[in-house]
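K.L.:
The structure's right below; bear with me while I get my questions together.
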Amino acid sequence: MLAALAAALLLIGTAPARADGITVRQAVLVAGDNGYHLEADFGITLNPTLRDALRKGVAFYFVMEFDLSRPHFFGWFHERIASYEQQYKLTYNALTRQYRVTIGAGTLFQNFSSLESALGLLAHVRSGDIVPRDALQENVTYDAEVRLRLDTSQLPKPFQVNAIASRDWNANSDWYRWTVTR
9 MLAALAAALL LIGTAPARAD GITVRQAVLV AGDNGYHLEA DFGITLNPTL
59 RDALRKGVAF YFVMEFDLSR PHFFGWFHER IASYEQQYKL TYNALTRQYR
109 VTIGAGTLFQ NFSSLESALG LLAHVRSGDI VPRDALQENV TYDAEVRLRL
159 DTSQLPKPFQ VNAIASRDWN ANSDWYRWTV TR
């Protein structure tokens, strides 16, 4: 009897946990004709608190940040080669029951019938050329890093207080780092 109970508790303890938040699945800097562009894939899962706030009309601003630097031989100093930031706005319209993702300053947007489809657009970043072709020297190693985060400073003021006090409002990926060699 005790052995069966212990086995049941072990199975409960190993049940897969739901991972809310943002993770970087992969990122790469790709050479093009005129420069280098970023291709990054994120895993985005909004917890129930964020889903509820979105359905009630709170707009979410996500920021994708990318930095490219060359390490200095001293080791503690990095020369910044390129930096890129892209903003995404995610909203829900209760009247039309559609989600909208707006990219940048608001001139480019797309509507979706489901939250998962809208998050799918945010999850697959394909930038234009963000690093000029001549910015990278041959046979030199560079450090690249990217992350996606919910910009809590763009939330309405009452929600900013909640974001400071509660982990439910933390939807940020860690920095994903890799090396680039031309």
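What the sequence shown shows, in this note's numbering, is residues 9 to 190, in sequence order.
In this text, a Cβ means the ideal position worked out from N, Cα and C, and glycines have one as well.
How should Leu54 be labelled, buried or exposed, when 16 other C-beta atoms within 10 angstroms of its C-beta is the threshold for buried?
P.N.:
Buried is the call here.
K.L.:
Tell me the residue span of the beta strand (DSSP E) that contains Glu87.
P.N.:
First-last of the beta strand (DSSP E) with Glu87: His86 to Asn101.
K.L.:
Relative to the alpha-carbon of Asp41, which residue among Asp137, Ala179 and Asp151 has its alpha-carbon at the smallest distance?
P.N.:
Comparing Cα-Cα distances from Asp41 to each of Asp137, Ala179 and Asp151, the minimum goes to Asp137.
K.L.:
Go through its chain and collect everything with a Cβ distance to Ser77's Cβ below 7 Å, but skip five positions before and after it.
P.N.:
Here the set comprises His86, Glu87, Arg88, Ile89, Tyr150 and Asp151.
K.L.:
Under 7 Å Cβ to Cβ from Ser106, same chain only, skipping five residues before and after it: list those, please.
P.N.:
The amino acid occupying residue 106 in the given sequence is Gln; Ser does not appear at that position. Asn119, Phe120 and Ser121, listed in sequence order.
K.L.:
Put Thr57 into one of helix, strand or coil per three-state DSSP.
P.N.:
Thr57 falls in the helix class under three-state DSSP.
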